[in-house]
Amino acid sequence: MQANDKTNRRRIIQLGAGVAGSLALPGLVREAFAADQQQPIGTWPAGTQGDSVFIGISVPRTGTYAVQGEDELKGYQLAVEHINSGHPLIKAISPKTTKGVLGKQVKYGVADSAAKPNDAVQAQQRFITENKAIAITGGTSSAVAVALNKLAQREKVLFLCGISGSNDTTGKDCVRYGVRQNFYGETAANAIGPALLKAYGKNKKAAFMTPDYTYGHTVTKSVNDFLTKNGGWQMVTNQVSPLGAPDYSSYLTNIANSGAEFLINVNWGHDAVLSTQQAKQFGLLPKMKLVIPYQIPFLAREVGADVMEGVYAATDFWWTLEDKYPLAKMFVQEFEKKYGYKPEWGAENAYMEFALWAEAVENAGTFYPPDVIKSYESPRKLQSMVGEVTWRAQDHQLVRPVVIVKGKKPSAMRNKEDYWEVVEVIPGAGLMQKPDAFGCNLGSYT
Amino acid sequence: MLTWSNFLSQLFNGLALGALLALISSGLTIIYGTLGVLNLAHGAMFMLGGYAGYAAWQATGSFLVALAAGTLSVGLLGLVMERVIIRHFYRRPDEDQLLVTFGLGICFVESVRLIFSSQSLSVQAPALLTGITSLGVMMYPTYRLAVVGICAVALLALYVVLYRTRLGMIVRAGIDDPIMVDSLGIDVYRVFMVVFGIGAMAAGFAGIVNAPVVSLTPEVGEAILVQAFVVVVIGGVGSFPGAVLGGLIAGEIISLTSMVNPGYAYVMLFAAMAIVLLVRPTGLMGAKGRQ
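Going down the list, the protein sequences come from chains A and B. End of the first sequence = 446 in full-length UniProt numbering, gap-free, step of one. End of the second sequence = 291 in full-length UniProt numbering, gap-free, step of one.
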């Protein structure tokens, strides 16, 4: 029955397109037809009946993740601009995009999540109820991502995850209505682990600094498991601190007295900046080797190249990848033209999440959420800033490469934003755990 | 790992944090003790001291100029704030005062965000005070050692002003009985303005002194405000010696708990506050409390 419906729908679309010969009409016809055939679900079809659709964006604009949140927001805004104008960069990722998605312009609202789950959920609930948001996005804190996952599944509205590094987001807290494109704790560990063992050898003593929530605990566990199992490394202390801790002196004092040779800093945002700077003040750096398993956008800008020299980090994106990937080059140029600086991976992550959403919807030919989800789940190769990628149907995680970077010596920097040298781009498939390893159970379509 | 070296280092962490908290809390408590205003913008003023100092440091490269700029500009802001806004709220209910100072705090934070963005900024300590000092059994950042000394000198200066000058005498008398001071022909309102200015100066000074230790963000005053209030409650509302004692106690509780289990540092701080309130409802060195 379902297959017949789809066939009929395609037939009508073709007829509609042929008769009308306009760009906007096919979208309207498809939606109108779909509305006749399917039961309303979430904000569909109410959110798609006008000539635009609405996305709710919640990013931290205050608090410890504010800098990264602003960068993400710029990435979202650039993506919307490109989607609405049918920019060549969007077309490269979503070939069927003309102007807008299915001919409808994309509008959005922005709320400050302050990296707090409650704030993000309240804002997005408002966007869903008042603006009939057809999709919501946000993250930067995995606690927020997990909370929005739950909201999305309950409200039957797609959640396009922003930055979220926790294994849980597409693991035990995964949902049918959530998708995530960026790398996470397990992939970070499997990507940076071999590089660390190669550079530093086996049987080392490491001190971890961990922010006290789902992101911190899962990244620390994944990295420690890898280093212990494969390299005989030993975790001599794990200093767990609250999000937004005002001072790290006590934690650093414990680390200074732990006998560690490596400081593995899992903190993020301003927490990472402050803890790293204070580690230097306390004389821990450069005596101990610093490792950033899950890189923090803007870290090098904020703490300075001298502290980052020689430091290994795993990341989604670094702008010099433009030398290797044409789409990355296009993105960096467009972003810099608009905002005046090289984008970091918060912006890239945000841009890709929207671009891939546009692709999924165009591929489905409808905004009807179960069909869009099935479009995400249908295996096909997609273009991205870092080459070919593909969605993994079982947990809605994008299979994408992880980039290993190493801090450049200040004198070797080509320009003032040339902080990292790309050491390796590692294909994603081999870095990921099995889809059910973290207990993912996606839940229902309707 | 419990070693002597770790214990001593944590003791010093507590002392450095405690000295800073004492300085911030003394401003808070003088203002409350004298004017009866719970200044929720105090944390934001601490932050402003850091940013004003940063701007001056960027322009001149001198930490001493930064110190002066951070202190004086926030002091001046305090005088203007008292004259233009705060004085209209002396006779209004407490909740009005809380709301207006809280609102001012938000305005300060967002203004700074607008000008400097959310990105972390650093102020370098003077070259003489950077690096690490060996204290025999342990190594400790030189600037943090200096912070203890700088805060001690500032607290001593505040003590001299409050306990050894005519102004201080009037202020202390004003805390006890403002009506009587007024009836003696002293312009209490002018004194109030000066008191607010001194309290603000203490916050601004603490902000710029702390700037090389932390990386500045617009929210740097938020966490410290909560701690400062706990210090005031432990020490006794309106008591300057109480603020100093409370600050040191709070600093040590946070640091020594962190040595064993950092997660419980703030739990222990609030537990200590609860115990003090149970045993001495007016705080360790508080008088009868304001009427």
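Just so it is clear, CB atoms sit at the ideal spot from N, CA and C, and this is done for glycine as well. Note that the coordinates shown come from a computational prediction; the quantities given were computed from them, not determined experimentally.
How big is the Cα-Cα spacing for Ser134/B and Leu11/B?
One-based indexing of the second sequence puts residue 134/B at position 134. One-based indexing of the second sequence puts residue 11/B at position 11. Whole-angstrom Cα-Cα distance: 15 Å.
With a threshold of 7 Å, establish whether the CB of Ser241/A neighbours any heavy atom of the ligand COA.
Inclusion of the ligand COA in the displayed structure is not the case, the ligand content being empty and no account of it being possible.
Out of Val260/B, Met273/B, Val237/B and Val161/B, state which residue places its alpha-carbon closest to the alpha-carbon of Thr282/B.
For this step, residue 282/B is matched to residue 282 along the second sequence. Ranking Val260/B, Met273/B, Val237/B and Val161/B by Cα distance to Thr282/B puts Val237/B first.
Within 10 angstroms of the Cβ of Asn349/A, are there 16 or more other Cβ atoms? Answer buried if so, exposed if not.
On the first sequence, position 349 is the one that residue 349/A refers to. With 16 or more Cβ atoms within 10 Å of its Cβ, Asn349/A is classed as buried.
Below 8 Å on C-beta distance, what does Ser241/A contact in chain B?
Here residue 241/A corresponds to residue number 241 of the first sequence, with the count starting at 1. Simply Pro262.
Between Ala211/B, Arg280/B and Val279/B, which lies nearest to Leu20/B when the distance is taken from Cα to Cα?
As a working note, residue 20/B is residue 20 in the second sequence. Out of Ala211/B, Arg280/B and Val279/B, Ala211/B has the C-alpha closest to the C-alpha of Leu20/B.
What are the start and end residues of the alpha helix (DSSP H) that includes Lys198/A?
The residue given as residue 198/A occupies position 198 in the first sequence. Start and end: Gly185 to Tyr200.
Report yes if the C-beta distance between Met138/B and Ser250/A is below 8 Å; otherwise report no.
The residue given as residue 138/B occupies position 138 in the second sequence. The residue given as residue 250/A occupies position 250 in the first sequence. No; because the gap between Cβ atoms is not below 8 Å, this pair is not in contact.
Do the CB positions of Pro427/A and Arg392/A come within less than 8 Å of each other?
Along the first sequence, read from residue 1 onward, the residue named residue 427/A stands at position 427. Along the first sequence, read from residue 1 onward, the residue named residue 392/A stands at position 392. Cβ atoms of Pro427/A and Arg392/A: not closer than 8 Å.
Got a sec: is the Cβ-Cβ distance from Leu102/A to anything in chain B below 8 Å?
The residue given as residue 102/A occupies position 102 in the first sequence. For Leu102/A, the answer is no, since every Cβ of chain B falls outside 8 Å of its Cβ.
Counting only Cβ pairs nearer than 7 Å, list the residues of chain B close to Ala66/A.
Locating residue 66/A in the first sequence gives position 66, where the first residue counts as 1. Ordered by position in chain B, the residues that pass the 7 Å Cβ test against Ala66/A are Ser118.
Could you pull the start and end residues of the beta strand (DSSP E) that Asp112/A belongs to?
Within the first sequence, the letter at position 112 stands for residue 112/A. Per DSSP, Asp112/A belongs to the beta strand (DSSP E) from Gln105 to Asp112.
Any idea what DSSP makes of Thr253/A, helix, strand or coil?
Locating residue 253/A in the first sequence gives position 253, counting from the first residue. Three-state result, Thr253/A: helix.
Check Leu25/A in the structure and name its three-state DSSP category.
Locating residue 25/A in the first sequence gives position 25, where the first residue counts as 1. For Leu25/A, the predicted structure reports a pLDDT of 45, less than 50, and the residue's modelled location is therefore unreliable. A value from the coordinates is still provided. DSSP places Leu25/A in helix when its eight states are reduced to three.
Ile296/A lies in the alpha helix (DSSP H); which residues open and close that run?
Here residue 296/A is taken as the residue at index 296 of the first sequence, counted from 1. No alpha helix (DSSP H) contains Ile296/A, which DSSP labels as neither H nor E.
To test your reading of the DSSP string, which unbroken alpha helix (DSSP H) runs of 4 or more residues are found completely within the region 354-414 of chain A?
Taking only runs of at least 4 residues, the alpha helix (DSSP H) segments lying wholly in the region 354-414 of chain A are 369-377.
Report the rounded CA-to-CA distance for Ala46/A versus Gly103/A, giving the unit in angstroms.
On the first sequence, position 46 is the one that residue 46/A refers to. On the first sequence, position 103 is the one that residue 103/A refers to. Roughly 16 Å separates the two Cα atoms.
What is the rounded straight-line gap between the Cα of Met81/B and the Cα of Val109/B?
Within the second sequence, residue 81/B is the residue found at index 81, counting from 1. Within the second sequence, residue 109/B is the residue found at index 109, counting from 1. Roughly 15 Å separates the two Cα atoms.
Does Lys366/A have its Cβ less than 8 Å from a Cβ in chain B?
Translated into the one-based positions of the first sequence, residue 366/A becomes position 366. It is Thr, not Lys, that sits at residue 366/A in the sequence shown. Answer no: the Cβ-Cβ gap between Thr366/A and chain B never drops below 8 Å.
Using only CA atoms, which one of Ala202/B, Thr3/B and Leu256/B lies nearest to Leu72/B?
Here residue 72/B is taken as the residue at index 72 of the second sequence, counted from 1. When only C-alpha atoms are compared, the closest one is Ala202/B.
Under 7 Å Cβ-Cβ, which residues of chain A neighbour Glu219/B?
Within the second sequence, numbered from 1, the residue matching residue 219/B stands at position 219. Residues of chain A passing the Cβ test: Thr62 and Gly63.
Sort out for me which residues DSSP pairs Ile41/A with in a bridge.
Numbered from its first residue, the first sequence carries residue 41/A at position 41. Note: Ile41/A sits in a beta bridge opposite Trp44/A.
Would you call the CB atoms of Thr169/A and Ala145/A closer than 8 Å?
Here residue 169/A is taken as the residue at index 169 of the first sequence, counted from 1. Here residue 145/A is taken as the residue at index 145 of the first sequence, counted from 1. The answer is yes: Cβ separation under 8 Å.
Does the region 44-59 of chain B come into contact with the region 220-227 of chain B, if we say contact requires no fewer than three beta-carbon pairs (one atom in each stretch) closer than 8 Å?
Output reads yes: the region 220-227 of chain B touches the region 44-59 of chain B.
Buried or exposed: where does Met169/B fall if 16 or more other Cβ atoms within 10 Å of its Cβ makes it buried?
Against the second sequence, residue 169/B aligns to sequence position 169. Exposed.
What does Pro211/A touch in chain B if you count any residue whose Cβ is under 9 Å from its own?
Position 211 of the first sequence, counted from the first residue, corresponds to residue 211/A. Going along chain B, no residue has its Cβ under 9 Å from Pro211/A, so there is no contact; the nearest lies around 12 Å.
Smallest Cα separation from Trp57/B: which of Ser9/B, His88/B and Gln124/B?
Translated into positions along the second sequence, residue 57/B becomes position 57. With distances taken between Cα atoms, Trp57/B lies closest to Gln124/B.
Taking the beta carbon of Pro26/A as the centre, do at least 16 other beta carbons fall within 10 Å, making it buried, or is it exposed?
Locating residue 26/A in the first sequence gives position 26, where the first residue counts as 1. The predicted model places Pro26/A with a pLDDT of 46, which falls under 50 and marks its position as unreliable, so this point remains unresolved.
Suppose the cutoff is 8 Å on Cβ atoms and the five residues either side in sequence are ignored; what does the same chain contact list for Gly18/B look like?
Position 18 of the second sequence, counting from 1, holds the residue named residue 18/B. Only Gly247, Leu248, Ile249, Ala250, Gly251 and Glu252 meet the Cβ criterion.
Flag Ser111/B as yes if its beta-carbon sits less than 8 Å from any beta-carbon of chain A, otherwise no.
As a first step, residue 111/B must be located in the second sequence, where it is residue number 111. Chain A, which has no Cβ nearer than 8 Å to the Cβ of Ser111/B, makes this no.
Tell me whether Met1/A is buried or exposed, calling it buried when 16 or more other Cβ atoms sit within 10 Å of its Cβ.
Within the first sequence, residue 1/A is the residue found at index 1, counting from 1. A caution first: Met1/A carries a pLDDT of 38, below 50, which makes its placement in the model unreliable, though a value can still be read off. Answer is exposed; the Cβ neighbour count stays below 16.
For a quick check, are the C-beta atoms of Asp316/A and Trp345/A less than 8 Å apart?
Position 316 of the first sequence, counting from 1, holds the residue named residue 316/A. Position 345 of the first sequence, counting from 1, holds the residue named residue 345/A. It is a contact, given that the beta carbons lie within the stated cut-off.
Select from the region 272-284 of chain A all residues with a C-beta closer than 8 Å to any C-beta belonging to chain B, and list them in chain order.
Flagged, chain order: Val273, Leu274, Gln277, Gln278, Gln281, Phe282 and Gly283.
List, from N- to C-terminal side, the alpha helix (DSSP H) runs of 4 residues or more that fit wholly inside the region 82-126 of chain B.
Entirely contained in the region 82-126 of chain B, the alpha helix (DSSP H) runs reaching 4 residues are, in chain order, 94-116.
Taking 8 Å as the cut-off, decide whether the C-beta atoms of Pro326/A and Ala188/A are in contact.
Looking up residue 326/A in the first sequence gives position 326. Looking up residue 188/A in the first sequence gives position 188. No, the pair does not count as a contact, with Cβ atoms beyond the cut-off.
Could you give the residue range of the beta strand (DSSP E) that holds Cys440/A?
As a position in the first sequence, residue 440/A is number 440, starting the count at 1. Run containing Cys440/A: none; DSSP gives neither H nor E here.
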